[in-house]
Amino acid sequence: MKRIGALFILFFVFSFAAHAQEELTGIKLGGFVFRPSVAGALIYDDRIQYDEATDTALHDVYTETSVGGEFSNQDALVDMSARANYGYRYYDDYDRNNGEFYNAGGDIGSDAYALRWRLAANVAKTLGYDWNLENEAVNNSGSIISDEVNTQWIFNGNLDYTAQLSEKTAIIPSYSVQHYYQEFEGPDTAEWQTHQASLISAYALSQRTSINVGGYYSIQVNDDEDGSIAVLGGGFDSRVTDKTAISFMGGVGYADYDLSGSDITGLVDLKVNWQAVSNFGLYISGGNSYEPGYDGGEARMVYRMGYGADWLLASKWKLSGSVLHNYEDGIDGDDDSIYGSVQHFFTVQCAYDLTRRLNLALIGNYANDQEPVSRSTVSLRLDYTY
Numbered sequence: 010m011k012r013i014g015a016l017f018i019l020f021f022v023f024s025f026a027a028h029a030q031e032e033l034t035g036i037k038l039g040g041f042v043f044r045p046s047v048a049g050a051l052i053y054d055d056r057i058q059y060d061e062a063t064d065t066a067l068h069d070v071y072t073e074t075s076v077g078g079e080f081s082n083q084d085a086l087v088d089m090s091a092r093a094n095y096g097y098r099y100y101d102d103y104d105r106n107n108g109e110f111y112n113a114g115g116d117i118g119s120d121a122y123a124l125r126w127r128l129a130a131n132v133a134k135t136l137g138y139d140w141n142l143e144n145e146a147v148n149n150s151g152s153i154i155s156d157e158v159n160t161q162w163i164f165n166g167n168l169d170y171t172a173q174l175s176e177k178t179a180i181i182p183s184y185s186v187q188h189y190y191q192e193f194e195g196p197d198t199a200e201w202q203t204h205q206a207s208l209i210s211a212y213a214l215s216q217r218t219s220i221n222v223g224g225y226y227s228i229q230v231n232d233d234e235d236g237s238i239a240v241l242g243g244g245f246d247s248r249v250t251d252k253t254a255i256s257f258m259g260g261v262g263y264a265d266y267d268l269s270g271s272d273i274t275g276l277v278d279l280k281v282n283w284q285a286v287s288n289f290g291l292y293i294s295g296g297n298s299y300e301p302g303y304d305g306g307e308a309r310m311v312y313r314m315g316y317g318a319d320w321l322l323a324s325k326w327k328l329s330g331s332v333l334h335n336y337e338d339g340i341d342g343d344d345d346s347i348y349g350s351v352q353h354f355f356t357v358q359c360a361y362d363l364t365r366r367l368n369l370a371l372i373g374n375y376a377n378d379q380e381p382v383s384r385s386t387v388s389l390r391l392d393y394t395y
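Per our numbering, the sequence shown starts with residue 10, numbered consecutively.
Structural data, given as structure tokens:
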């Protein structure tokens, strides 16, 4: 309980500092800005682990403290950024589960010209679900959502060019590469590389709407098998009203893997944002995609659907909620697939801005992840960003 008291001491220290530095926005170093941050959290978890012998879940209270920062340049043709965060978790009873967690990454690229490029890398160690549901829903990349202690390395490279054929018509060729590696607490690992080339023809139907037609070809490689994917389809991007934006792509995909076999199916990617009023907004995002297998399993079909809302209750109060449904299965659909489970994740957060830089939040998370016992957490979190 001493650690809980320490959090309240940190609260008053940060609160005083935040008032003293109210008008500052990061530390400016030439053309760069550095924004250090510190955070503390008190969390109740009703399933820190599952006891098969008694068919019950062990629960505990733990605290987390972390420090980090972001570094980026300003007003440059080539933009650069880096971020890092390191923290430690202390359990009240089951201290054998104490451990460190971290997240570090950076990217460099340019969107200033018709030829756009970007390189990005990230490494993260998590002690279970990171509960960042919106990112998982929007980024339908097939990354593995895991409740285990795991470390994940991801490298992404992107290159595309816009050839403007006329005032309303453009052709956009692009190439992307990804290296993905994830190491779990046990002996299991997941690793693959993907290379993808695409060609899109875009036509500006109006000032608000563009029609897109095209396709891509992707090569996927992992330790178990190689595979290739071809997709043809079309869609649109539309600012339907001043408050509503919709992006949709749909098509037919054909996949051929060395061991998993071949498959043909429909693929979709949908994103909807609706700013109902100035202080209330909704989003929906989801789709499906072919992804490499892992842990000796066949190639996967991953389906993800997420939705959420943000409500600015008052000048300093914000209420938000998000939901993610995740399903993955072997592309052959066999009953003996090592995947084949549906996961549902829910998050509700009420945040209060004590100052412009000091934020206090009460967060509730719930996971129905096909384990014998579902999981819930309730946390009180304090964040300070300079």
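Using N, Cα and C, we set each Cβ at its ideal position, and we do this for glycine too.
Remember, it's a predicted structure, so these values are computed and weren't measured experimentally.
| Check | Outcome |
| --- | --- |
| When the distance is taken between beta carbons, is T394 closer than 8 Å to R44? | yes |
| Just to confirm my understanding: we take D156, look at its own chain, exclude 5 residues before and 5 after, and list those with CB closer than 8 Å. What are they? | G137, Y138, A376, D378, E380, R384 |
| Within 10 angstroms of the Cβ of K252, are there 16 or more other Cβ atoms? Answer buried if so, exposed if not. | exposed |
| Which residue marks the beginning of the beta strand (DSSP E) containing W283, and which one marks its end? | 270-286 |
| With burial defined as no fewer than 16 other Cβ atoms inside 10 Å of the residue's Cβ, what is the status of G305: buried or exposed? | exposed |
| For M119, collect the residues of the same chain with a Cβ closer than 8 Å to its Cβ; drop the 5 residues on either side in sequence, then sort them by chain order. | According to the sequence provided, residue 119 is Ser. The question's Met does not apply to it. L86, V87, D88, R125, W126, R127. |
| Might you give, ordered along the chain, the residues of its own chain that have their beta carbon closer than 6 Å to the beta carbon of A113, omitting 5 neighbours on each side? | A93, V132 |
| Can you tell which of L51, G339, S183 has its C-alpha closest to the C-alpha of L391? | L51 |
| Would the segment 292-308 and the segment 195-212 be scored as touching if the rule is three or more Cβ pairs under 8 Å? | yes |
| Which same chain residues, not among the five before or five after D319, have their C-beta less than 6 Å away from its C-beta? | G290, S329 |
| For the ligand FAD, I want to know if S81 counts as a neighbour, meaning its beta carbon is within less than 7 Å of at least one of the ligand's heavy atoms. | Among the components of this structure there are no ligands whatsoever, and the ligand FAD is therefore not found. |
| For D69, which three-state DSSP category applies? | strand |
| Which residue comes first and which comes last in the beta strand (DSSP E) that contains I340? | Premise fails: I340 is in no beta strand (DSSP E) and is neither H nor E. |
| Out of curiosity, what's the CA-to-CA distance linking R105 and I340? | 39 Å |
| So, with DSSP's three-state summary, where would you put N106? | helix |
| So for L168, helix, strand or coil by DSSP? | strand |
| Are the CB atoms of S227 and I238 nearer to each other than 8 Å? | yes |
| What residues in its chain sit with their C-beta under 6 Å from that of A211, if we drop five residues either side in the sequence? | A179, S219, N221 |
| Less than 8 Å between the CB atoms is what I'm expecting for L276 and G259, so what's the real figure, rounded? | 7 Å |
| Which value, in whole angstroms, describes the spacing of the CA atoms of V387 and A66? | 16 Å |
| Per the DSSP calculation, A239 is bridged to which residue(s)? | Y226, Y263 |
| Q352 and N335 - do their beta-carbons sit closer together than 8 Å? | yes |
| Drop a sphere of 10 angstroms on the beta-carbon of R217, count the other beta-carbons inside from all chains shown, and report buried for 16 or more, exposed for fewer. | exposed |
| Y53 by DSSP, collapsed to three states: which one? | strand |
| Only counting runs of 3 or more residues, tell me where the beta strand (DSSP E) segments fall wholly within the segment 172-201, in order along the chain. | 178-193 |
| Leaving out five residues before and five after Y53 in sequence, what residues of the same chain have Cβ atoms less than 6 Å from its Cβ? | V70, V387 |
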